[in-house]
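Working notes, beginning with the structure itself.
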Amino acid sequence: MEQLDQELERAFDKLKVENKHRLSILRNLDIIRNVDETTYEHCVVVGLASAKAGSVLLLDAKGLLFPGLMHDRGKAELEPYLLRIKGKPTAEEMEMIKKHVQYTYDLLKEVHPFSAEVGLRHHMFQKHPYPTVLPEKMCAPFTPATQAKIYAYARIISAVDYCHAFITRDNARNGLHGMQELNAALVRDKPGSAQLVQRLLTLGVVGAIGTAQMYNLF
Ligand SMILES: [Fe+2]
Ligand SMILES: [Fe+2]
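Numbering (my numbering), first residue to last: 14 to 231.
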């Protein structure tokens, strides 16, 4: 865990993240950590790996780091037992878990509007997407180019999120073998993002997630 914290500090330094943003992000991450250490770890890995994806795809790494780190902020507002369910959640539990994207949005929209909009959409690129209805207007007057960026970055974060969940939680649940099974699972669950994940695999991003070796990320 200490290693992950150091990686995060290093990413902040490399990407020259302003102090006020660091403090605000760390405050949000601390809230998650206090509720569930595994969710905290997940958020940091997804943030770092998304930033790496941004860097290798020549995109805005900081624009992926911030929402990646805070995409599941809303999970800290759920009943903690929902974060520790082993196996498949019931339909009722799933409905409660789904609310985390709205909570992420509500909690971030004043201070981190871009991350709030990305966070709201990070489960929209899957077989059973949610939320099905979005607010009529975005929470800030984003240009059309930034609005497109919000969707593109939400897709990247959702791919990284899926890979991490698969390699860690789902893998443990289903007795699968990490990366070897990832392709088959992608075709099944996330056909629209299979190509993106393949690219991230080739570029070493997924490998970094799988081994939790976040060194030399940028
Ligand atoms: Fe999520
Ligand atoms: Fe997640």
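Using N, Cα and C, we set each Cβ at its ideal position, and we do this for glycine too. No experiment lies behind these values; they were computed from the predicted model shown.
From residue i to residue j, what distance separates their C-alpha atoms?
{"i": "Thr103", "j": "Ile110", "result": "10 Å"}
{"i": "Glu130", "j": "Glu194", "result": "31 Å"}
{"i": "Ala172", "j": "Lys203", "result": "8 Å"}
{"i": "Tyr228", "j": "Ile98", "result": "Confidence at Tyr228 is low in this model, with a pLDDT of 49, below 50, so the placement of that residue is unreliable and no value is reported for it."}
{"i": "Phe127", "j": "Arg134", "result": "11 Å"}
{"i": "Val219", "j": "Pro148", "result": "32 Å"}
{"i": "Leu78", "j": "Gly60", "result": "5 Å"}
{"i": "Met107", "j": "Lys101", "result": "9 Å"}
{"i": "Ala207", "j": "Arg35", "result": "32 Å"}
Using the rule of at least 16 other Cβ atoms within 10 Å of the residue's Cβ for burial, across every protein chain shown, is residue i buried or exposed?
{"i": "Val200", "result": "exposed"}
{"i": "His141", "result": "exposed"}
{"i": "Asp43", "result": "exposed"}
{"i": "Ala197", "result": "exposed"}
{"i": "Val58", "result": "buried"}
{"i": "Pro93", "result": "exposed"}
{"i": "Thr145", "result": "exposed"}
Can you tell which of the options has the C-alpha that lies nearest to the C-alpha of residue i?
{"i": "Gly132", "options": "Gln19, Pro157, Arg168 and Pro154", "result": "Arg168"}
{"i": "Thr181", "options": "Ile222, Ile170, Leu147 and Gln160", "result": "Ile222"}
{"i": "His84", "options": "Ala66, Lys99 and Leu121", "result": "Leu121"}
{"i": "Glu123", "options": "Gln115, His136 and Ala153", "result": "Ala153"}
{"i": "Ile45", "options": "Leu82, Leu77 and Lys27", "result": "Leu82"}
{"i": "Arg212", "options": "Glu92, Gly67, Gln160 and Arg23", "result": "Gly67"}
{"i": "Asn41", "options": "Leu216, His125 and Val210", "result": "His125"}
{"i": "Ser63", "options": "Glu54, Ala74, His55 and Tyr53", "result": "Ala74"}
{"i": "Gln16", "options": "Cys176, Leu77 and Glu54", "result": "Glu54"}
{"i": "Ala178", "options": "Thr52, Phe138 and Ala24", "result": "Thr52"}
{"i": "Asn47", "options": "Val69, His136, Ala158 and Leu96", "result": "Leu96"}
Quiz prompt | Every unbroken beta strand (DSSP E) within the segment 24-55, with a cutoff of 3 residues, ordered by chain | solution = none
Exercise. Tell me the start and end of each unbroken alpha helix (DSSP H) in the segment 59-100 that is at least 4 residues and wholly inside, in chain order.
Key: 74-83
Quiz item: In chain order, which continuous runs of the alpha helix (DSSP H) of length 4 or greater are located wholly inside the segment 126-184?
Solution: 126-133 and 157-178
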